[in-house]
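Read top to bottom, the protein sequences are chains R and Z.
Numbering-wise, the first sequence is residues 2 to 205 according to the numbering used here.
Numbering-wise, the second sequence is residues 40 to 665 according to the numbering used here.
Beta carbons are placed, not taken as given, at the ideal position from N, Cα and C, and that holds for glycine.
Below is one structure, written out as structure tokens; comments come after it.
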Amino acid sequence: MTTVPQNSFCEEHKIVITGIGGQGIVFLTRLLSQTAVNLGYPVVVSETHGMSQRGGSVISHLKIGGNEAPLIQRGSADVLIALDANEAMQNLDFVRRGGTVFVSSNEELHPDLLPHLERLNIRTLHFPASAIAVELGSPETANIVMAGFVCAYDGLNLPLEDLQATIKQIAGKRAEGNLKALAAGFQAGKKKIEDSQPLPENSR
Amino acid sequence: MSTQLLTGNDAIALGLVEQGCRVATAYPGTPSSEILAGIIKYKKALDKDLYAEWSVNEKVAFEVALAAAWTGLRAAVAMKQVGLNVASDPLFSAAYTGVKGGFIVIPADDPGPHSSQTEQDSRLLALTAKVPVFDPSTPAEAREMIADAFALSERFKIPVILRPTTRLCHAVSPSADAPASSSDGKPVSPKFQKDPAHWTATPKLRYKLHTELNQKLIEIAAEFANSKYNYIVNEDHGGEVGIIASGVAFHTARQALLELGVRVPMLKIGTPYPLPVNLIEAFSARFTTVIVLEEPDTCIELQIPNRQRVRGRLDGSVPNSGELTPEVMFSVLSKSLSGVGIQVNPSPEDADLSAAIKKLSLPARRPRLCPGCSHRSAFYAMKQNFGPRAIYPGDIGCYTLGTNLRAVDTFVDMGASITMANGFFQANRLVGDDRAVIATIGDSTFLHSGIPPLINAVHTGARFVLLILDNHTTAMTGFQPTPANDYLADGSEAPRKVSIPDLVRACGVEYVKVTDPYEQEDFTAILNEAQAHTQAADGGVAVIIADRPCVLYDNDPILEHPIPVVVTDECDGCRFCTEAFECPALVLRADGSHVDIDYKLCIDCGQCIDACYKGFIVPKLAEMVP
Numbered sequence: 002m003t004t005v006p007q008n009s010f011c012e013e014h015k016i017v018i019t020g021i022g023g024q025g026i027v028f029l030t031r032l033l034s035q036t037a038v039n040l041g042y043p044v045v046v047s048e049t050h051g052m053s054q055r056g057g058s059v060i061s062h063l064k065i066g067g068n069e070a071p072l073i074q075r076g077s078a079d080v081l082i083a084l085d086a087n088e089a090m091q092n093l094d095f096v097r098r099g100g101t102v103f104v105s106s107n108e109e110l111h112p113d114l115l116p117h118l119e120r121l122n123i124r125t126l127h128f129p130a131s132a133i134a135v136e137l138g139s140p141e142t143a144n145i146v147m148a149g150f151v152c153a154y155d156g157l158n159l160p161l162e163d164l165q166a167t168i169k170q171i172a173g174k175r176a177e178g179n180l181k182a183l184a185a186g187f188q189a190g191k192k193k194i195e196d197s198q199p200l201p202e203n204s205r
Numbered sequence: 040m041s042t043q044l045l046t047g048n049d050a051i052a053l054g055l056v057e058q059g060c061r062v063a064t065a066y067p068g069t070p071s072s073e074i075l076a077g078i079i080k081y082k083k084a085l086d087k088d089l090y091a092e093w094s095v096n097e098k099v100a101f102e103v104a105l106a107a108a109w110t111g112l113r114a115a116v117a118m119k120q121v122g123l124n125v126a127s128d129p130l131f132s133a134a135y136t137g138v139k140g141g142f143i144v145i146p147a148d149d150p151g152p153h154s155s156q157t158e159q160d161s162r163l164l165a166l167t168a169k170v171p172v173f174d175p176s177t178p179a180e181a182r183e184m185i186a187d188a189f190a191l192s193e194r195f196k197i198p199v200i201l202r203p204t205t206r207l208c209h210a211v212s213p214s215a216d217a218p219a220s221s222s223d224g225k226p227v228s229p230k231f232q233k234d235p236a237h238w239t240a241t242p243k244l245r246y247k248l249h250t251e252l253n254q255k256l257i258e259i260a261a262e263f264a265n266s267k268y269n270y271i272v273n274e275d276h277g278g279e280v281g282i283i284a285s286g287v288a289f290h291t292a293r294q295a296l297l298e299l300g301v302r303v304p305m306l307k308i309g310t311p312y313p314l315p316v317n318l319i320e321a322f323s324a325r326f327t328t329v330i331v332l333e334e335p336d337t338c339i340e341l342q343i344p345n346r347q348r349v350r351g352r353l354d355g356s357v358p359n360s361g362e363l364t365p366e367v368m369f370s371v372l373s374k375s376l377s378g379v380g381i382q383v384n385p386s387p388e389d390a391d392l393s394a395a396i397k398k399l400s401l402p403a404r405r406p407r408l409c410p411g412c413s414h415r416s417a418f419y420a421m422k423q424n425f426g427p428r429a430i431y432p433g434d435i436g437c438y439t440l441g442t443n444l445r446a447v448d449t450f451v452d453m454g455a456s457i458t459m460a461n462g463f464f465q466a467n468r469l470v471g472d473d474r475a476v477i478a479t480i481g482d483s484t485f486l487h488s489g490i491p492p493l494i495n496a497v498h499t500g501a502r503f504v505l506l507i508l509d510n511h512t513t514a515m516t517g518f519q520p521t522p523a524n525d526y527l528a529d530g531s532e533a534p535r536k537v538s539i540p541d542l543v544r545a546c547g548v549e550y551v552k553v554t555d556p557y558e559q560e561d562f563t564a565i566l567n568e569a570q571a572h573t574q575a576a577d578g579g580v581a582v583i584i585a586d587r588p589c590v591l592y593d594n595d596p597i598l599e600h601p602i603p604v605v606v607t608d609e610c611d612g613c614r615f616c617t618e619a620f621e622c623p624a625l626v627l628r629a630d631g632s633h634v635d636i637d638y639k640l641c642i643d644c645g646q647c648i649d650a651c652y653k654g655f656i657v658p659k660l661a662e663m664v665p
């Protein structure tokens with residue numbers, strides 16, 4: 002068993018992951034849930050199955066460290082991870098007060114939503130995961146780039162090295178590409194955090 | 040070895056394999072489809088001698104497994120809830136005859152419904168058929184229940200139903216590596232023993248069997264009163280309100296109580312039929328109000344003899360249709376608890392944010408046929424040829440989405456497109472309506488229950504065009520083989536494969552053509568020829584087999600002959616292609632001025648070239664490729 006992370010789950014941690022069929026939502030969910038299980042946490046996931054495998058809306062509910070209800074109630078998710086801006090907005094009301102939204106997108110969400118997010122103290126971080134995946138030469142790894150980005154912000158409460166170990170465990174021959182994507186997303190996230198830190202007065 | 044994460048369907052499959060199930064059968068249907076695939080996976084992993092098949096339909100699946108149980112082996116059959124209707128004939132009979140080896144029937148219900156014609160509650164069918172039910176609330180519990188269901192089945196010689204629901208089938212949670220409990224499932228004498236008085240019982244003896252069945256149920260109800268699947272939580276929190284809940288609804292209710300900030304005693308029921316009524320009565324007696332929470336209908340609530348203090352779906356305290364989502368659960372409990380003066384937290388959902396999202400009118404991604412789907416080409420040609428006046432009876436499968444293209448006017452159940460076409464023809468004939476009738480059905484659905492309707496239509500002289508949309512697999516549920524495939528459930532080679540054209544001919548159809556819907560010109564010509572056959576003096580039913588593999592299952596034909604396309608600058612955004620052809624890869628610009636190809640989705644089938652009558656969708660020429 003790997004070491005339990007510092008900020009272990011004393012309570013439930015609820016993550017909603019959404020996007021479009023074909024973007025790898027199911028694999029991303031599996032990466033996070035398997036990592037949590039490897040760390041010894043109780044996990045419940047609810048997947049979307051059925052009609053419209055390609056191009057339809059897909060949503061996963063992932064609960065770490067809580068009870069056994071499979072679905073997350075609107076207004077109670079700690080984190081929303083969206084691989085598509087439209088799906089992010091459709092599902093924004095899953096996020097609780099003070100929660101965080103990570104969107105794979107070049108743009109901010111619709112301006113009409115921003116005052117509500119501010120009022121509810123919901124932090125939104127958009128990030129071009131697809132563009133980074135394309136740069137890496139594997140556009141299909143945008144989902145993993147996103148995982149790295151979110152991990153940099155500690156939005157998952159799952160340590161980077163454990164996500165890496167899970168990739169080696171479950172990604173098979175895609176492990177190498179996925180590890181690169183995870184690292185790229187993580188670095189981009191760390192950089193964004195540094196850039197957004199206001200510099201101390203005297204160093205200007 | 041790390042702890043394994045299992046879906047509910049995998050947990051059920053593992054439970055069956057580790058408890059010595061020897062014969063497992065199924066017909067695919069969401070949310071149950073992954074159970075049989077899981078059985079094959081664990082059979083290989085645990086090296087078990089087990090026979091598993093995708094049967095041609097649920098009745099066949101039920102009877103194959105039942106026969107195995109009559110020999111003394113442990114057997115199971117899985118299906119979706121509407122599949123149990125198809126298998127209900129043998130279900131009712133099997134309740135009377137009973138079984139020898141353990142026999143578990145697994146109909147997966149779909150509260151919501153997410154991908155079904157109805158929300159029907161299989162527990163109510165079980166109640167009518169008099170078959171005991173286990174109602175699991177988590178994947179791990181479902182796996183554990185398999186052992187007890189087999190044991191109960193063998194002890195009382197009765198079929199047992201394990202009834203999961205969508206949110207359990209598709210939930211994923213950790214499961215222990217070791218078997219829930221060990222049992223070889225070794226039958227006493229694994230051989231069919233002839234006993235005509237029992238297995239072929241005449242009506243007089245069936246009366247005796249019914250009496251015996253009723254006695255078994257009384258004994259089982261007494262046993263269920265001590266079942267570990269029925270227990271109380273929040274016992275020490277008194278008050279006026281108690282909750283009785285089963286299945287996934289139990290956990291959803293517990294979560295809702297946390298959000299509400301209230302603790303209420305809850306009786307969890309894992310054995311809803313025959314209901315251990317004394318447990319319910321003893322629990323209920325402590326409260327002035329008891330709320331029953333179950334999905335999708337009212338199996339427990341219906342069986343409670345004294346319903347004076349009972350609130351649930353029957354009196355409207357709980358919505359009488361639909362899934363008990365966390366939001367519905369919160370609202371139901373919030374209303375009931377505050378109604379008796381208990382203070383609860385407000386909903387965590389922010390109504391203003393939800394309203395703001397709604398106001399944006401974001402594009403909903405409704406289910407659509409996949410890019411390159413040959414059904415789209417068939418529907419498009421059919422619709423262009425016969426126009427909006429023709430009647431288009433459709434059937435159950437991916438191709439039900441042809442309703443988006445207005446090429447599916449009806450769907451009822453498996454095989455109904457052919458019977459409905461027959462009925463429309465006869466009704467139209469009586470009133471002198473000469474509209475063309477063109478029915479569509481998939482290959483798996485045709486084999487499942489299209490053949491008797493076709494025989495009926497031929498024999499009674501009906502005249503319509505039937506398109507069998509043959510994509511070579513059961514696509515919607517995940518590519519399970521049909522009898523027309525040359526492989527079996529476990530991937531091994533099938534001893535024989537059944538020919539759909541030969542079957543159609545054998546039904547007495549004289550006009551049978553096999554054609555590729557991608558060849559739209561030829562396809563349209565054949566549609567006209569077929570329609571002419573239905574009108575000819577010596578004509579009848581005309582069958583066209585639209586033959587093209589599902590692109591998700593086998594896209595080799597496209598990879599071999601790709602036809603990349605571009606939309607020319609002349610495109611004026613008239614939307615004809617996006618509406619009449621509706622390929623997800625055809626995307627109208629936000630300002631509506633032009634259609635673009637989404638090359639992430641496009642699979643280079645070139646089928647949309649015909650969908651722009653203005654000629655603005657054209658093949659991408661080699662020299663244009665950078």
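Within a Cβ cutoff of 7 Å, which residues of the same chain sit near residue i, ignoring the five residues on either side of it in sequence?
i: Z:I490; result: L542 and C546
i: Z:C437; result: L408, H414, A514 and M515
i: Z:G645; result: I602, V604 and P658
i: Z:T449; result: P432, G433 and M459
Should residue i be labelled buried (16 or more other beta-carbon atoms within 10 Å of its own) or exposed?
i: R:E48; result: buried
i: Z:N124; result: buried
i: Z:F210; result: Residue identity check: residue 210 of chain Z is Ala in the sequence provided, not Phe. Buried, by the Cβ-count rule.
i: Z:V172; result: buried
i: Z:T167; result: exposed
i: Z:E183; result: buried
i: Z:P534; result: exposed
i: R:I239; result: Any answer about residue 239 of chain R is impossible in this case: the structure gives chain R only from 2 up to 205.
i: Z:H511; result: buried
i: Z:D128; result: exposed
i: Z:Q347; result: exposed
i: Z:H600; result: exposed
i: Z:T64; result: buried
i: R:G138; result: exposed
i: Z:E298; result: buried
Under 8 Å Cβ-Cβ, which residues of chain Z neighbour residue i?
i: R:I21; result: R404
Within a Cβ cutoff of 6 Å, which residues of the same chain sit near residue i, ignoring the five residues on either side of it in sequence?
i: Z:R445; result: none
i: Z:F562; result: A420, T554 and P556
i: Z:M368; result: T291, A292 and A295
i: Z:F263; result: T310 and P315
By the criterion of Cβ-Cβ separation under 9 Å, what are the contact partners of residue i in chain R?
i: Z:P387; result: Q74, R75, G76, S77, R97 and R98
i: Z:R293; result: N68, E69 and A70
Listing by chain order, which chain Z residues have their CB less than 9 Å from the CB of residue i?
i: R:S105; result: Correct list: empty, because the minimum Cβ distance to chain Z is about 13 Å.
Which same chain residues end up closer than 8 Å to residue i when comparing Cβ atoms and leaving out the 5 residues on each side of it in sequence?
i: R:M90; result: L110, H111 and L114
i: Z:D336; result: E158, Q159, D160, R162, L163 and R352
Whose Cβ in chain Z lies nearer than 7 Å to the Cβ of residue i?
i: R:P112; result: Residues of chain Z passing the Cβ test: none, with the nearest at roughly 10 Å.
i: R:E48; result: H209 and V211
For this session: Decide if the region 238-251 of chain Z is in contact with the region 285-300 of chain Z; the criterion is three or more beta carbon pairs, one per stretch, under 8 Å apart.
Result: The region 238-251 of chain Z is not in contact with the region 285-300 of chain Z.
Exercise. Residues in the region 168-183 of chain R with C-beta within 8 Å of chain Z's C-beta atoms, listed in sequence order?
Worked result: Q170
For this session: Tell me, please, whether the region 240-260 of chain Z touches the region 190-199 of chain Z by the rule of three or more beta-carbon pairs shorter than 8 Å.
Result: yes
Exercise. Going along the region 188-220 of chain Z in order, which residues come within less than 7 Å of chain R, judged by CB to CB distance?
Worked result: R206, H209, A210, V211, S212 and P213
For this session: Please name the residues in the region 132-165 of chain R whose beta-carbon is closer than 7 Å to at least one beta-carbon of chain Z, in chain order.
Result: So nothing in the stretch comes that close.
Problem set entry | Sufficient close CB pairs (3 or more, under 8 Å) joining the region 62-76 of chain R to the region 9-26 of chain R | yes
Problem set entry | Cβ pair count under 8 Å reaching 3, the region 415-435 of chain Z against the region 562-571 of chain Z | As far as the Cβ criterion goes, the region 415-435 of chain Z touches the region 562-571 of chain Z, which means the pair count is three or higher.
Exercise. Using 8 Å as the threshold, is the region 75-85 of chain Z in touch with the region 42-59 of chain Z, meaning 3 or more CB pairs across them?
Worked result: A contact between stretches requires three or more CB pairs, one per stretch, nearer than 8 Å, and the region 75-85 of chain Z meets this requirement with the region 42-59 of chain Z.
Exercise. Of all the residues that make up the region 363-397 of chain Z, which are near chain R by a beta-carbon distance shorter than 7 Å?
Worked result: T364, P365, E366, F369, S386, P387, E388, D389, D391, L392, S393, A395 and I396
For this session: Would you check if the region 128-142 of chain R and the region 156-169 of chain R touch, i.e. whether three or more CB-CB distances between them fall below 8 Å?
Result: Contact annotation: the region 156-169 of chain R does not touch the region 128-142 of chain R, with fewer than three C-beta pairs closer than 8 Å.
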